[in-house]
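In terms of UniProt numbering, the sequence shown is residues 1 to 636. One structure is given below, encoded as structure tokens.
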Amino acid sequence: MKTVRLTAAQALIKFLNQQYIHVDGQEFPFVEGIFNIFGHGNVLGIGQALEQDAGHLKVIQGKNEQGMAHAAIAFSKEMFRQKIYAVTTSVGPGSANLAAAAGTALANNIPVLFLPGDTFASRQPDPVLQQVEHEHSLAVTTGDVLKPVSRYWDRITRPEQLMSSLIRAFEVMTDPAKAGPATICLSQDVEGEAYDFEEKFFEKRVHYLDRKAPTDRELNGAADLIKQSKKPVIIVGGGAKYSRARDILMTLSEKHNIPLVETQAGKSTVEAGFKNNLGGLGITGTLAANKAARQADLIIGIGTRYTDFATSSKTAFDFDKAKFLNINVSRMQAYKLDAFQVVADAKTTLEKLAPMLEGYVTEFGSTIAELKEIWSIERDRLRKIEFNRENFDPEIKNHFPQEVLNEYADALNTEFAQTAALLTVNETVDPDSTIICAAGSLPGDLQRLWNSEVPDTYHLEYGYSCMGYEISGALGIKLAKPDKEVYAMVGDGSFLMLHSELITAIQYHQKINVVLFDNSGFGCISNLQMSHGSGSYFCEFRTHDHQILNIDYAKVAEGYGARTYRVNTPEELKAAIEDAKKQDVSTLIEVKVLPKTMTDGYASWWNVGVAEVSNKEGIQKAYQLRQEKLKTAKQY
Ligand SMILES: Cc1ncc(C[n+]2csc(CCOP(=O)(O)OP(=O)(O)O)c2C)c(N)n1
Ligand SMILES: O=C1C[C@@H](O)[C@H](O)[C@@H](O)C1=O
Ligand SMILES: [Mg+2]
Numbered sequence: 001m002k003t004v005r006l007t008a009a010q011a012l013i014k015f016l017n018q019q020y021i022h023v024d025g026q027e028f029p030f031v032e033g034i035f036n037i038f039g040h041g042n043v044l045g046i047g048q049a050l051e052q053d054a055g056h057l058k059v060i061q062g063k064n065e066q067g068m069a070h071a072a073i074a075f076s077k078e079m080f081r082q083k084i085y086a087v088t089t090s091v092g093p094g095s096a097n098l099a100a101a102a103g104t105a106l107a108n109n110i111p112v113l114f115l116p117g118d119t120f121a122s123r124q125p126d127p128v129l130q131q132v133e134h135e136h137s138l139a140v141t142t143g144d145v146l147k148p149v150s151r152y153w154d155r156i157t158r159p160e161q162l163m164s165s166l167i168r169a170f171e172v173m174t175d176p177a178k179a180g181p182a183t184i185c186l187s188q189d190v191e192g193e194a195y196d197f198e199e200k201f202f203e204k205r206v207h208y209l210d211r212k213a214p215t216d217r218e219l220n221g222a223a224d225l226i227k228q229s230k231k232p233v234i235i236v237g238g239g240a241k242y243s244r245a246r247d248i249l250m251t252l253s254e255k256h257n258i259p260l261v262e263t264q265a266g267k268s269t270v271e272a273g274f275k276n277n278l279g280g281l282g283i284t285g286t287l288a289a290n291k292a293a294r295q296a297d298l299i300i301g302i303g304t305r306y307t308d309f310a311t312s313s314k315t316a317f318d319f320d321k322a323k324f325l326n327i328n329v330s331r332m333q334a335y336k337l338d339a340f341q342v343v344a345d346a347k348t349t350l351e352k353l354a355p356m357l358e359g360y361v362t363e364f365g366s367t368i369a370e371l372k373e374i375w376s377i378e379r380d381r382l383r384k385i386e387f388n389r390e391n392f393d394p395e396i397k398n399h400f401p402q403e404v405l406n407e408y409a410d411a412l413n414t415e416f417a418q419t420a421a422l423l424t425v426n427e428t429v430d431p432d433s434t435i436i437c438a439a440g441s442l443p444g445d446l447q448r449l450w451n452s453e454v455p456d457t458y459h460l461e462y463g464y465s466c467m468g469y470e471i472s473g474a475l476g477i478k479l480a481k482p483d484k485e486v487y488a489m490v491g492d493g494s495f496l497m498l499h500s501e502l503i504t505a506i507q508y509h510q511k512i513n514v515v516l517f518d519n520s521g522f523g524c525i526s527n528l529q530m531s532h533g534s535g536s537y538f539c540e541f542r543t544h545d546h547q548i549l550n551i552d553y554a555k556v557a558e559g560y561g562a563r564t565y566r567v568n569t570p571e572e573l574k575a576a577i578e579d580a581k582k583q584d585v586s587t588l589i590e591v592k593v594l595p596k597t598m599t600d601g602y603a604s605w606w607n608v609g610v611a612e613v614s615n616k617e618g619i620q621k622a623y624q625l626r627q628e629k630l631k632t633a634k635q636y
């Protein structure tokens, strides 16, 4: 047996360089690069190995572990899960900072390799700096917090363990049914320990992302269900996007007159202008999609997890009438809502179904076009909303009286409604730009209003809705699409939570654009509390003496070296975007918007926990309403 003597970290980097993926006849390296923040837990191990020979890996220094991990996740999502970045951190807080990002990757089924440093396997220096030290077990370290948020988790306490561990990690990351974060915690002393690794371990390894075909039983069952239905609706989920099912979806939809409705992850698989695309489904959905879903006697869920947002907490459908047909690579997902299950690749399944549906046409007739037209008129209304200081009726009604809205208009020096601002951005950016968002009120506005005219240009992380993903993720998208513009759509709350990778983007000349919607508060949470009977409690950004905070975010970004703009009218916003397009450096456009001017729900309901007993009539009413609504919801 031929062996090569390497440290564990050197072996790891050598192995990463040899992993390839094979998809639809094409073969390419699976690991693009590695994000790092070095500390004593990794600098002398992985740091040394990378300095000695990084191979083809692009090495990028991050600024916050969660931030760089989010960039890696966004890169992988943007590459349809066919390429990843690895992420190396130090021990203790460095690894703990990965937890929110790991949750993000897991909830969204995104492959990413996390390599946090860990305590000493030898335990000689215990407690090493940043070791938490449990009295009941020395085996428990901070790295354990990543177990519930990893698809695969391991700890390396001897160099040779790395071989079986890495093979498992790559098997998981390259399986579309299981894709998610693989976490390998590396004892910091072991990273530098040498071992005689079998040379064969480092040979080129190809991971095949084959499209799983449906069985005849599954196909016949699915075709029968569709042909028996009068009004089927197709939910386009993230799995449809990853499977690249656009063309066959459009063909089937057009030929059989089946409406398409989208989840956040599935949006932009098919462009907004397609005649049967009714847009977002559920809590943050369009009236058109929600009405179509209610009429449906068959829901064809393609690559969807059926989250509460997609199903309006299981009230979006007429469960007495509707049957479910789920096409999903994951058995777990296919089982949901008592569906007929097709556990297979979306594109392959639809292509095989196509000839079996010859002659079939739904009974939707002209309804789809009518629903689309009504929504288009509503979208236009939302575009034209203008503030006035006497009797303004915002979309989120009866929360703030006119005096408070005027107070915001004065404090932020703006009369801009969020819906008008958002649609101005939609009209002005180049259609092949990618937009990214994750949390706050913007995901709702985007799912309803954003028209993606070029496929695969809408990147929403709404599996975990993790504040801070927007700007970090924009960097990941730019690494995936270097020739296109990317716009991070971010609220002031999300910006404040995490924007460290804006600096990384500037540092590495990876141009991103940040459009910051500043309503001086956690706007959507204020909406949530006030629409359930509470007061406005700790969701506005006010000082101890109740003054509205007016932060100069443009100045913050200017300090980092970004080109910045301050706007509060449609004209200024358009001009800023046009100028931003000409820049080589990253930009930030600060848009001051009025609270309560985002979109409200359309024929949807969200089951949130409401106090069963309280001293407020509004809360008691909200509780009663919830109990009533729950009676109409499917229970599981
Ligand atoms: C990491 C994280 N913490 C908390 C939340 C809960 N949360 C969701 S939206 C939100 C406020 C967002 O405020 P902002 O970004 O200003 O958006 P707005 O709703 O005002 O548009 C909070 C606290 C979250 N989604 N992610
Ligand atoms: O709690 C939340 C409420 C949603 O409206 C928001 O979009 C999401 O970010 C969230 O976490
Ligand atoms: Mg806000």
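Just so it is clear, CB atoms sit at the ideal spot from N, CA and C, and this is done for glycine as well. In this text the structure is predicted, and so the values were computed from the model without any measurement.
Inset, instruction - Mind checking which residues open and close the alpha helix (DSSP H) that includes Met332? - result: Arg331 to Ala334
Inset, instruction - Examine ligand 3 and report whether any of its heavy atoms sits within less than 8 Å of the Cβ of Asn519. - result: In this structure, Asn519 has its beta carbon less than 8 Å from a heavy atom of ligand 3.
Inset, instruction - Following the continuous alpha helix (DSSP H) through Ile68, name the residue where it begins and the one where it ends. - result: In the sequence under discussion, the amino acid at residue 68 is Met, which differs from the Ile named in the question. Run containing Met68: Glu65 to Glu78, per the alpha helix (DSSP H) assignment.
Legend entry - beta strand (DSSP E) segment containing Thr564, residue limits: Taken as a continuous stretch (DSSP letters only), the beta strand (DSSP E) holding Thr564 covers Arg563 to Val567.
Legend entry - Run of the alpha helix (DSSP H) containing Phe15, from where it starts to where it stops: Phe15 -> alpha helix (DSSP H) spans Ala8 to Leu16.
Legend entry - Heavy atom of ligand 1 within 8 Å of Val490 beta-carbon: Under cutoff, so the answer is yes.
Inset, instruction - Can you grab the Cα-Cα spacing for the pair Gly39 / Ser137, in whole Å? - result: Linking Gly39 to Ser137 through their CA atoms gives a straight-line distance of about 25 Å.
Inset, instruction - Quick one: which unbroken alpha helix (DSSP H) runs of 4-plus residues sit fully inside the UniProt region "Thiamine pyrophosphate binding" (441-521)? Chain order, please. - result: 442-449, 469-480, 492-497 and 501-507
Legend entry - Cβ pair count under 8 Å reaching 3, the segment 595-611 against the segment 299-316: yes
Legend entry - Three CB pairs or more closer than 8 Å across the segment 126-135 and the segment 148-157: no
Legend entry - As assigned by DSSP and simplified to three states, the class of His22: strand
Inset, instruction - Could you check the C-alpha separation between Asp579 and Leu57 for me, to the nearest Å? - result: In a straight line, the C-alpha of Asp579 is about 34 Å away from that of Leu57.
Inset, instruction - Could you tell me if the beta carbon of Ser526 falls within a distance shorter than 8 Å of some heavy atom in ligand 2? - result: no
Inset, instruction - Name the two residues that bound the continuous alpha helix (DSSP H) containing Lys58. - result: Element bounds for Lys58: not the alpha helix (DSSP H) but the beta strand (DSSP E), Lys58 to Gln61.
Legend entry - Alpha-carbon to alpha-carbon, Pro443 and Phe170: 32 Å
Inset, instruction - Sort Val514, Gln547 and Gly468 by Cα distance to Asn97 and report the nearest one. - result: Gly468
Inset, instruction - Would you kindly report the start and end of the unbroken beta strand (DSSP E) that includes Thr89? - result: In this chain, the beta strand (DSSP E) harbouring Thr89 covers Ile84 to Thr89.
Inset, instruction - For Gln295, collect the residues of the same chain with a Cβ closer than 6 Å to its Cβ; drop the 5 residues on either side in sequence, then sort them by chain order. - result: Lys231
Inset, instruction - Within the same chain, show all residues whose beta-carbon is closer than 6 Å to that of Arg211, passing over the 5 residues directly before and after it, in chain order. - result: Asp345 and Thr348
Inset, instruction - State whether the segment 249-262 contacts the segment 213-222, with contact taken as three or more CB pairs (one from each stretch) at a distance under 8 Å. - result: no
Inset, instruction - With hydrogens ignored, establish whether the beta-carbon of Ser465 is closer than 8 Å to any heavy atom of ligand 2. - result: yes
Inset, instruction - Round the Cβ separation of Ala447 and Met598 to the nearest angstrom and send it over; I've been treating them as touching at under 8 Å. - result: The amino acid at residue 447 is misidentified as Ala; the sequence shows Gln. Actually they are not in contact, since the Cβ atoms of Gln447 and Met598 sit about 12 Å apart, beyond 8 Å.
Legend entry - Segment contact flag, the segment 296-303 with the segment 232-244, C-beta cutoff 8 Å, min 3 pairs: yes
Legend entry - CA-to-CA distance, Phe80 to Ser313, given in whole angstroms: 28 Å
Inset, instruction - Taking only heavy atoms of ligand 3 into account, decide whether any of them is closer than 8 Å to the Cβ of Phe201. - result: Phe201 Cβ: outside cutoff for every heavy atom of ligand 3.
Inset, instruction - Would you check whether ligand 5 has a heavy atom nearer than 8 Å to the C-beta of Ser441? - result: Summarising the ligand content, the structure contains ligand 1, ligand 2 and ligand 3 and does not contain ligand 5.
Inset, instruction - State the DSSP-derived secondary structure class of Gln131, mapped to helix, strand or coil. - result: coil
Legend entry - Ala102, enclosing alpha helix (DSSP H) - first and last residue: Ala99 to Ala107
Inset, instruction - Please report the residue range of the beta strand (DSSP E) in which Cys437 lies. - result: Here the beta strand (DSSP E) through Cys437 covers Thr434 to Cys437.
Legend entry - Residue from Pro111, Leu166 and Ser122 with nearest C-alpha to Arg151: Pro111
Inset, instruction - Return the first residue and the last residue of the alpha helix (DSSP H) that Glu239 is part of. - result: Checking the sequence, you will find Gly at residue 239 rather than Glu. Residues Gly238 to Tyr242.
Inset, instruction - Put Gly94 into one of helix, strand or coil per three-state DSSP. - result: The answer is helix: DSSP assigns Gly94 an H, G or I state.
Legend entry - Cβ-Cβ separation, Tyr560 to Asp518 (assumed contact under 8 Å), whole Å: Not confirmed; about 17 Å, so no contact.
Legend entry - Inter-residue Cα distance where the pair is Lys83 and Leu405: 47 Å
Legend entry - Reduced DSSP category for Ser187 - H, G, I as helix; E, B as strand; rest coil: In the structure shown, Ser187 adopts extended strand secondary structure according to DSSP, grouped into three states.
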